[in-house]
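Report on one structure; see the data block that follows.
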Amino acid sequence: SYRVDEEKYRFTVEFKYMDSTKTTFSSKSFVTVENFEGKWLVSTLEQIEVQGKITQLIFADDGNAKKIFVQGESGVFSGYEQANVIITEETKIYKGYTDEELAVDALQKGVPVEVVLTDDPRIMVYPVTAEAKIIRVFAP
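Numbering (the numbering used here), first residue to last: 69 to 208.
Structural data, given as structure tokens:
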């Protein structure tokens, strides 16, 4: 968990599942709770769909990254093992689990990230290509 401030906490929650064949998998989400008039309420639930290291950056004409390729470890995470992540002006980039926003230049090759994708349509050929809603950057 991470304390954002006196009235706000963020938790990383891992859900573990098992089907009738005893095959197991997990998913990871961020749950943010806020104190509202003395009651703790869930304010956001963000499902992490991509987790891994940046292995490639594709740049726009202005020199900013417009797409990153993220490679995760096989079998460790139930989201996408590989993904082309599109960065738009609406994409928020944060330092780890904080609300501290980072510039797009924080996205560097080899840096571990966790990505929440938008609900917009995706190109579902392997690997998936989708727009990022949130990218959380962790120090290498």
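The beta carbon of each residue, even a glycine, is placed where N, CA and C say it ideally should be.
For Q176, tell me which candidate among E117, A133, T91 has the shortest Cα-Cα distance. A133
Close beta carbons around E117, own chain, < 7 Å, minus the five adjacent residues each side: G147, Y148, V183, V184, L185
Roughly how many angstroms separate the alpha carbons of A174 and G140, rounded to a whole number? 19 Å
Is it the case that the region 103 to 122 contacts the region 157 to 164, given that we only count it when at least three CB pairs across the two stretches are under 8 Å? no
The region 96 to 103 / the region 72 to 86 touching (three or more Cβ pairs under 8 Å): yes
Apart from the five residues just before and just after K243, which ones in its own chain have a Cβ nearer than 7 Å to its Cβ? Residue 243 cannot be examined here, being either before or after the span of the chain that is shown, 69 to 208.
Which residues in the same chain have their Cβ closer than 7 Å to the Cβ of E114, if we skip the five residues on either side of it in sequence? S97, F98, V184, I202
At the level of alpha carbons, what is the spacing between T123 and F206? 14 Å
Check the Cβ-Cβ distances between E182 and every residue of chain C, and say whether any is below 8 Å. You won't find chain C in this structure, because it holds only one protein chain.
Please state the DSSP three-state secondary structure of D193. The question names Asp, yet the displayed sequence has Val at residue 193. Coil, per DSSP.
Inter-residue CB distance, Q150 and P195 (contact presumed, cutoff 8 Å): 4 Å
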